[in-house]
Amino acid sequence: MSDDTDAKTRAAERAERSERMAREGAQAMAEHLAAVKAVDERTVKLRALRLAKEAEEAAAKAAEPPAAPKRSRKKVAS
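Per the UniProt record's numbering, the very first residue in the sequence shown carries number 1; after that it's consecutive.
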């Protein structure tokens, strides 16, 4: 009878451990997915900021008058 009680106790402990591991695994996966989502959102935001800055710089450069071409002096052979 003692063996039967011990077997039931071990089975209950295994089932309890299995349930705990499943809960912890689900929680870890949820945390991981939340972190991935946060990184993706930051990436989108930073990309939009970079593209806006590049567009602003391109517009500023286009508004500048073109630079006069540099004239090179030819050396006179002596």
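For glycine and all other residues, C-beta sits at the position ideal for the given N, C-alpha and C.
Given the structure is predicted, the values throughout are model-derived calculations rather than measurements.
Q | Under the three-state DSSP convention, the category Arg50 falls into | A | Assigned with DSSP and collapsed to three states, Arg50 falls in helix.
Q: Have a look at Glu16 and His32 and give me their C-alpha separation to the nearest angstrom.
A: Whole-angstrom Cα-Cα distance: 24 Å.
Q.
Quick check: what's the CA-CA separation for Gln27 versus Val44?
A. In this structure, the CA atom of Gln27 is about 26 Å from the CA atom of Val44.
**Q.** Helix, strand or coil at Arg14 [DSSP, three-state]
**A.** DSSP places Arg14 in helix when its eight states are reduced to three.
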